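Student: Can you keep this structure in mind? I'll have questions shortly.
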Amino acid sequence: MRSRLLAGVPALLLLAALSACGDDSSSAEDPETGGSTTPSADTTTTDSTADAAAGQCDWEEDGEAARPVDLPPTDPQYSGDVPAVLKTSIGELTITLDAAKAPCTVESFASLAKQGYYDDTSCHRQGNDPGFEFLQCGDPYFDPKASDADPKTGTGGPGYTIPDEVDGSETYPAGTLAMANTGQPHSGGGQFFIVFGDSQFPPNYTVWGHLDEASVKKLQEATASGNDGYWAQSGGGRPNTPVTFESITVG
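Residue numbers for the sequence shown follow this note's numbering, so the first one is -8 and each next one is one higher.
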């Protein structure tokens, strides 16, 4: 299984925020060894990006799903700003999804949320370094109650990938919702990260929404307890204060 990551950061802060992709041939991102792949900064439009811009989502079936789900519709059902509420162990987080900028990403998230894919899942990775403050979520394999992370942690995905929706202007201030990826084009899946402090990631990660101010504060309070350093060689660790999704409402 291949992991999704946040990379392309200073060598001392190799923030490989992981997510699943079902590619057994890759050994590039191994949190145990600290290896990581740096995403390309090339934002040249590819066929999948063009399809997304034209209102067609090109889902690519990929690997085994961490939980059984149906593919989302290929024609996006949402437009403009889409309200959503994440009911979590630290309270309700109110978010606005940006279906104008990232229609396929929003469509995928909404589809997975409605199918219960994220229910009872916990965020598996947290970075607390100034300038790189994020919480990565969306991997059903992760169990925060386990003494050690499941070997599959960081690889759980929905069994398909989604097209990138980036144009090179992406920034990641506190409150940003963005997709994790493997460092390769169009390799996002079900995992995403929430930025809780203004961060300096390269513009390689689809931005598809943001939290409101009150929700950012809740997240900052929870993440202030730090992480356990489990992913130390590649950046961050498991959250000391677990953040678990109980349910998600979109629209």
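In this text, a Cβ means the ideal position worked out from N, Cα and C, and glycines have one as well.
Because the structure is a prediction, the values reported are computed rather than measured.
Beta carbon of Ile153, beta carbon of Cys114: below 8 Å?
Tutor: no
Student: Determine the burial state of Glu52: buried for a count of at least 16 other Cβ atoms within 10 Å of its Cβ, exposed for fewer.
Tutor: Its Cβ having fewer than 16 others within 10 Å, Glu52 is exposed.
Student: Comparing C-alpha positions only, which one of Tyr109, Asp203, Leu84 and Ser102 sits nearest to Thr65?
Tutor: Ser102
Student: How is the beta strand (DSSP E) around Leu210 delimited, first residue to last?
Tutor: Run containing Leu210: none in the beta strand (DSSP E); it sits in the alpha helix (DSSP H), Glu204 to Thr214.
Student: For Ala93, count neighbouring C-beta atoms within 10 Å of its own C-beta (all shown protein chains included) and say buried if the count is 16 or more, exposed if not.
Tutor: buried
Student: Report the rounded CA-to-CA distance for Thr232 versus Pro149, giving the unit in angstroms.
Tutor: In this structure, the alpha-carbon of Thr232 lies about 26 Å from that of Pro149.
Student: Ignore the nearest five residues each way along the sequence and tell me which others in Thr188's own chain have a CB closer than 6 Å to its CB.
Tutor: Sequence inspection shows Gly at residue 188; the Thr mentioned does not correspond to that position. Correct list, in chain order: Glu124 and Ala165.
Student: For Ser99, which beta-bridge partners are listed by DSSP?
Tutor: DSSP output for Ser99 lists no bridge partner at all.
Student: Taking 7 Å as the cut-off, is the C-beta of Ser102 nearer than that to any heavy atom in the ligand MN?
Tutor: Judged by which ligands are present, the structure shown has none, so any question about the ligand MN falls away.
Student: With distance defined between alpha-carbon atoms, name the residue in Ala90, Tyr109 and Ile185 nearest to Pro67.
Tutor: Ala90
Student: Do you know offhand how far Pro270's Cα is from Pro59's?
Tutor: Nothing can be reported for residue 270: it is not among the residues displayed for the chain, which extend from -8 to 242.
Student: So, helix, strand or coil for Lys105, using DSSP?
Tutor: helix
Student: Counting C-beta neighbours from all protein chains within 10 Å, is the total for Lys136 16 or more, i.e. buried, or is it exposed?
Tutor: Label assigned to Lys136: exposed.
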